[in-house]
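Have a look at the structure below before the remarks.
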């Protein structure tokens, strides 16, 4: 009985409908009092029900309990850690303030969404296997591609890095936890909520306007489009709250001696990313609110029939969504720096240049949004400056790539699965980066934009780039998280199949786009038949390779060889505690005495615990 | 000095990359060139391939050789050399890409103006207003001597600069003729401009490049069940004949 009163998912089962019903009742009463016609309007009720039901869900899971007690003047025990740390698997389904639990919650949830999003892709790839329309209709096709993009970006690619960062960053900087553990837990629980809302859109005709959802096409969409907007706003809120948390954690909670230039590069990458999220994500939330008001409240921000400006949406949307591609790849860059330095047994080549290039990318990332709009009829003077800014981003990105290669040169390279993924990432990301440089050139872009060349480009960047870094990171920190080793043999199979299939899937798309095949089409000219067949077969293999990974992770977590505290011989702080780490991370606060990548120096350390020799062996800032 | 060992690899990578780039150009992965602008864009593309091939060749070759040369043997517990960076090398690989991307920008920039022939189109009198709708295009010839309104077919004379005013009645579309290397969006409540000089007689695909609803797939003259027709590029004489015929038909109706 008490299970439905304590903060659990069971409590959500009644708080969510309760809040929704209350909101519907108030709306109904208002409509009746003001004699609105019609009093019964399904979409209005559904919109308020979803928004307030979401609040009910957060209340139900326990997101407001502490704050509610505080506001109402109740008794609070600051040393109450009953919601901190996981004692059994059940704790992963609860409101938990431990960053390590939250990290795992994030990673597992986002990975489930990755499989869902991938499944959507497999369905429409099956349709595209040969010319002509076979199994699905145009309308269903549009719904599938829209869901694929939205699910992958908002509920996998952006939050999966929040998950890895959550687990690793506090450990790396020698902190007990994130700066705001309760906010952290609320940020996480907003995410399954956003995922459920986005998926529930399929019950209301889904959304069929791509993940970009431009007006005025979205005005014609069924109610699912409004759920898309609510879902994206909630996922965005989660993202902003997490970013604030990372910023404060990294700035304020570093262990003694951890100067900015002694931070591992993942911390730099997350710092830059978080600044980007805090500044950019409100734009997409704003665009979504305005578009939702247009749909559900009859405003005219973007509806041209009422005097709105459809193009304005594109500007506001890309003002977030271009920085978003850096949000989706910068933490990956950080992971690659960690993985390559550790597995090549060599300091990161040009640490400061790599750190500053993250900051440089974050700043430049704001000045390039309109390169998505070269063919949209925006002010034509804007094209050339945006082209320059876009091309300029290739410089800091290039610095990173060269630095990683420089790190490997002269190292002792261990070809573990984590390192293989890092190497595969570099190859794929160079291809994606180079097609990006091509597309930055306005005349070339105008001849090719909105074609499959674009699809090839952003899949090389997001799959060949971000997803491979996620795999590299997951393999790298798997022993730390579970205390056991993964199966290297299966890992290598996973890498090689993924890497070959990803090229088989996305490389022919360059050719298709150049030859004139537009994106987001359910059918195509017969000349693209064979290339699409190759792509579909590769896509199926790519999907299947994920199953090897899932099996390896689940099986090894239970039956793998015990890993010990530091199987890779890494120097950073997270490897100085047991695997998995104790609930409060460090038995005593560590003291950082040098840089994080001091490989090749005899007997040096990045940090010590106070009971060890507290000797300063490197000058601060060196 | 260790970094000197890399120099032959960089040269070899350059050569291999250049071969990849040239191969991709020779493989002709582009549609036929049917406008005066196509040539310059294809040259730009060829230059990009060469440049991309070289960078790809250098990075991947140096990395693969590093992996092979410096790979750990089984139970190898050594660390790599304690090199934290080589400043001059970092400066070099910051400055060279900077120069390269600046070159890309300064090569691309003039093409924007060169490819814009709307001024010449003004003189030639060939301006066509295109209206996108769900799902098709309507063409109105703005020259009063031609005076064809809301045609479902686009017929243009060869070797004459043509200006297009592109707009839409409903949602965003994008008017793309791959053979002309020309694309411009049709944005609600505004008119966008594009231009091209068709240089080849024949029929070329018209593709809607922007997701515009359930008929988007068929708003492409190349697919089965296409809702739009190809653009016909004809000689001036044939064009005049088409104009006369179309007008006669309209008068008879």
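Chains as they are written, first to last, in the working numbering: chain A, 23 to 644; chain B, 26 to 278. Beta carbons: idealized from backbone N, C-alpha and C, even for Gly.
Helix, strand or coil: which one does DSSP assign to residue i?
i: residue 208/B; result: strand
i: residue 344/A; result: helix
i: residue 79/B; result: helix
i: residue 389/A; result: helix
i: residue 4/B; result: Here chain B has residues from 26 to 278 only, and residue 4/B is not among them.
i: residue 593/A; result: coil
i: residue 604/A; result: coil
i: residue 501/A; result: helix
i: residue 525/A; result: helix
i: residue 457/A; result: helix
Could one say the Cβ of residue i lies closer than 8 angstroms to chain A's Cβ atoms, at least one of them?
i: residue 249/B; result: yes
i: residue 241/B; result: yes
i: residue 54/B; result: yes
i: residue 263/B; result: no
i: residue 122/B; result: yes
i: residue 70/B; result: yes
i: residue 186/B; result: no
i: residue 27/B; result: Note that residue 27/B scores 49 on pLDDT, short of 50, meaning its location in the model is unreliable; the coordinates nonetheless yield the value given after this. True, the Cβ-Cβ gap to chain A drops below 8 angstroms.
i: residue 100/B; result: no
i: residue 109/B; result: yes
i: residue 234/B; result: yes
i: residue 168/B; result: no
i: residue 136/B; result: yes
DSSP has residue i in a bridge; who is on the other side?
i: residue 228/B; result: 257/B
i: residue 201/B; result: 208/B and 232/B
i: residue 280/B; result: With chain B running from 26 to 278 in the structure shown, residue 280/B is simply not present.
i: residue 244/A; result: DSSP lists no partner for residue 244/A.
i: residue 163/B; result: 156/B
i: residue 204/A; result: Per DSSP, none; premise fails for residue 204/A.
i: residue 40/A; result: Answer is none; residue 40/A lacks a bridge partner.
i: residue 630/A; result: 613/A
i: residue 584/A; result: 506/A
For residue i, decide whether its Cβ has a neighbour in chain B, counting only Cβ atoms nearer than 8 angstroms.
i: residue 545/A; result: yes
i: residue 354/A; result: no
i: residue 542/A; result: yes
i: residue 410/A; result: yes
i: residue 154/A; result: yes
i: residue 596/A; result: no
i: residue 247/A; result: no
i: residue 97/A; result: no
i: residue 473/A; result: yes
i: residue 651/A; result: The displayed coordinates of chain A run from 23 to 644. Any statement about residue 651/A would go beyond what the structure contains.
i: residue 205/A; result: no
i: residue 310/A; result: no
i: residue 69/A; result: no
Do you know offhand how far residue i's Cα is from residue j's?
i: residue 238/B; j: residue 528/A; result: 25 angstroms
i: residue 507/A; j: residue 601/A; result: 11 angstroms
i: residue 120/B; j: residue 127/B; result: 10 angstroms
i: residue 541/A; j: residue 437/A; result: 37 angstroms
i: residue 212/B; j: residue 605/A; result: 55 angstroms
i: residue 555/A; j: residue 145/A; result: 14 angstroms
i: residue 390/A; j: residue 61/B; result: 30 angstroms
i: residue 173/B; j: residue 160/A; result: 33 angstroms
i: residue 266/B; j: residue 183/B; result: 14 angstroms
i: residue 263/A; j: residue 269/A; result: 10 angstroms
i: residue 224/A; j: residue 72/A; result: 14 angstroms
i: residue 534/A; j: residue 474/A; result: 6 angstroms
What do you reckon, are the CB atoms on residue i and residue j nearer than 8 angstroms?
i: residue 177/A; j: residue 132/A; result: yes
i: residue 646/A; j: residue 121/A; result: What is shown of chain A runs 23 to 644, which leaves residue 646/A out entirely.
i: residue 289/A; j: residue 195/A; result: yes
i: residue 497/A; j: residue 443/A; result: yes
i: residue 453/A; j: residue 81/B; result: yes
i: residue 108/B; j: residue 371/A; result: yes
i: residue 271/A; j: residue 200/A; result: yes
i: residue 596/A; j: residue 193/A; result: yes
i: residue 43/B; j: residue 83/B; result: no
i: residue 110/B; j: residue 621/A; result: no
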